[in-house]
Amino acid sequence: MTTAILSALAEEQQGLIDALTRGRRTLHAGRTFWSGGLHGREVVLALSGIGKVAAATTATALIERFGAARVVFTGVAGGLGADVQVGDVVVAHDFLQHDMDASPLFPRWELPGYGRTRLPCDEALADRLADAAGECLAGGAAALLDGAGLQPPLRAPRVHRGLIASGDRFVSTVQESQSLRDAFTAAGHAVLAVEMEGAAVAQVCSDYGVPFAAVRTVSDRADDAAHVDFPRFVQAVASRYADGIIGRWLQML
6 MTTAILSALA EEQQGLIDAL TRGRRTLHAG RTFWSGGLHG REVVLALSGI GKVAAATTAT
66 ALIERFGAAR VVFTGVAGGL GADVQVGDVV VAHDFLQHDM DASPLFPRWE LPGYGRTRLP
126 CDEALADRLA DAAGECLAGG AAALLDGAGL QPPLRAPRVH RGLIASGDRF VSTVQESQSL
186 RDAFTAAGHA VLAVEMEGAA VAQVCSDYGV PFAAVRTVSD RADDAAHVDF PRFVQAVASR
246 YADGIIGRWL QML
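By the count of the numbering used here, the sequence shown reaches residue 258 at its end, each step adding exactly one.
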């Protein structure tokens with residue numbers, strides 16, 4: 006059974022590639038895929054690409070070309086939830102597309118043809134992913150933030166479970182994040198984080214009946230400092246989170 010591991014950023018994926026046994030590189034659909042063994046499991050690694058269309062193409066290739074039987078996504082996100090701070094980890098329960106709006110034909114955020122707004126993740130995979138994230142954070146994640154020169158956390162990093170919103174925008178102003186937060190709250194959606202790919206991968210996996218889970222490390226608060234905090238966090242912290250969480254998760258399968 007092949008496990009596909011999607012990463013949003015090359016910095017997150019390199020440590021996983023380096024740890025592969027029998028690693029082999031395949032070029033397909035303009036993308037690079039790495040296959041091999043990782044922690045005793047057969048895996049295929051790929052970068053999702055930025056945005057929903059790129060991520061959907063990559064997910065489809067993983068399933069069609071490489072026979073992925075389950076897909077896990079690791080990446081970073083902006084925190085929207087009131088108690089979600091930089092350095093926390095959000096394990097998705099489900100996804101929605103915050104820029105999907107076919108109204109008045111359909112309610113805002115509803116996926117035309119699907120009759121629903123939110124796309125669920127596989128509960129069993131997500132449970133193990135949350136356990137793996139908890140073990141990783143217990144290993145001293147706060148020290149990574151200090152070492153990256155980021156704002157010291159108000160408390161030790163935590164694992165959250167819940168809704169993540171995806172859209173083809175890098176949310177980076179207080180005004181935009183507050184507008185999204187207000188709209189979601191009014192509609193009864195308690196969104197924890199915002200990013201650019203997960204909902205598309207969830208939709209592809211739903212179409213193919215392939216179990217999907219996703220974890221996002223919070224790199225910024227989707228506010229006016231996001232463009233400063235994001236690259237610093239990615240370079241110094243995100244790759245270590247990805248290596249630790251995915252490694253533990255594979256060992257739990």
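We put the CB at the ideal spot given by N, CA and C, even for glycine. Predicted, not measured: the structure shown is a model, and the values here were computed from it.
Decide if the stretch 209-216 is in contact with the stretch 179-195; the criterion is three or more beta carbon pairs, one per stretch, under 8 Å apart. no
Neighbourhood of Gly249 by C-beta distance below 6 Å, restricted to the same chain and skipping five residues each side: Cys141
First and last residue of the beta strand (DSSP E) that includes Trp114? Where Trp114 is concerned, there is no enclosing beta strand (DSSP E), given that its DSSP letter is neither H nor E.
Assuming Ala82 and Ile22 make a contact with CB atoms under 8 Å, what is their CB distance in whole Å? Going by Cβ atoms, the distance from Ala82 to Ile22 rounds to 22 Å, so no, they are not a contact pair.
Inspect the CB distances between the stretch 119-136 and the stretch 40-53 and report whether three or more fall short of 8 Å. no
Would DSSP call Pro236 helix, strand or coil? helix
What is the DSSP secondary structure of Thr122, reduced to helix, strand or coil? coil
From the DSSP output, read off the bridge partner residues of Val209. Answer by DSSP bridge pairing: none, since Val209 is not bridged.
Is there contact between the stretch 82-94 and the stretch 102-109, where contact requires at least three CB pairs shorter than 8 Å? no
Could you pull the start and end residues of the alpha helix (DSSP H) that Leu21 belongs to? Ala15 to Asp23
Distance between beta carbons of Val199 and Leu85, contact taken as under 8 Å: 5 Å
Pull up the distance between the alpha-carbon of Thr7 and that of Phe217, whole angstroms please. 13 Å
Would you mind working out which of Val220, Met201 and Thr79 sits nearest Gly20, comparing C-alpha positions? Thr79
Looking at C-alpha atoms only, which residue of Ala137, Gly56 and Ser12 is the closest neighbour of Arg163? Ala137
Check Gly249 in the structure and name its three-state DSSP category. helix
Residue span of the beta strand (DSSP E) that contains Val81, given as start and end: Ala73 to Gly84
Going by DSSP, which residues form a beta bridge with Leu185? BP columns for Leu185 are empty, so no partner.
Does any CB atom of chain C fall closer than 8 Å to the CB of Val176? The question asks about chain C, but that chain is absent: this structure has only one protein chain.
Arg133 lies in the alpha helix (DSSP H); which residues open and close that run? Glu128 to Ala143
Could you tell me the distance, in whole angstroms, from the CA atom of Gly35 to the CA atom of Gly118? 29 Å
Starting from Phe61 and walking both ways along the alpha helix (DSSP H), at which residues does that stretch end? Note that residue 61 corresponds to Ala in the displayed sequence, not to Phe. Where Ala61 is concerned, the enclosing alpha helix (DSSP H) stretches over Lys57 to Glu69.
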